[in-house]
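Chemist:
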Amino acid sequence: MVLKTDLRHFLDDEGKLLALTEQAKTVFKFLSKIVSSVSERIASSVSTHTEPPIVDIDLVAVNLKCNTRAEQLHCEGDIEASCINLSLIEWHCDSCQAAGTISHWQGSLWDKQQHTIH
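Residues in the sequence shown are numbered from 569 upward in steps of one, following my numbering.
(1) Would you check if the distance between the CB atom of alanine 611 and the CB atom of valine 628 is smaller than 7 Å?
(2) Can you grab the Cα-Cα spacing for the pair tryptophan 659 / aspartate 626, in whole Å?
(3) Just mark threonine 594 as buried or exposed, buried being the case when its beta carbon has 16 or more other beta carbons within 10 Å.
(4) Leaving out the 5 sequence neighbours to the left and right, which residues in its chain are closer than 6 Å to serine 607 when beta-carbon positions are compared?
(5) Helix, strand or coil, according to DSSP, for histidine 672 in the structure here?
(6) Bridge partners of cysteine 661, per DSSP?
(7) Whose C-alpha, out of Ser655, Ser613, Phe578, Ser663, is nearest the C-alpha of leucine 632?
(8) Please report the distance separating the alpha-carbon of leucine 571 from that of valine 630.
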């Protein structure tokens, strides 16, 4: 299963979370954890200059179990993610076929990078 997600679909015009169904809340919680983990890693690698920015190849362990499958198809896999270009996060389960992308995450409340206000 490949889930292509535009994070803005969960947010209002001010960037706040919309009223969601329980199922949509579960999906959003899963995706926002991925965004937070990847952007935190980007921020730490940029601020410490000890590692190159994670773009294209480095995987981030998200500390999140795969929950993308139906209950009868339970998966114990872990989620890994990377920032494959400046605006797209790609994630996958290390055990099953669950995978996806997250776009338009930068500047959201879950983006942990420091932003300069001009």
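In this text, a Cβ means the ideal position worked out from N, Cα and C, and glycines have one as well.
Modeler: For this structure:
(1) no
(2) The straight-line gap from Cα to Cα measures roughly 11 Å.
(3) exposed
(4) Asp679, Lys680, Gln681
(5) If DSSP states are grouped into helix, strand and coil, histidine 672 belongs with coil.
(6) Ile647
(7) Ser663
(8) 17 Å
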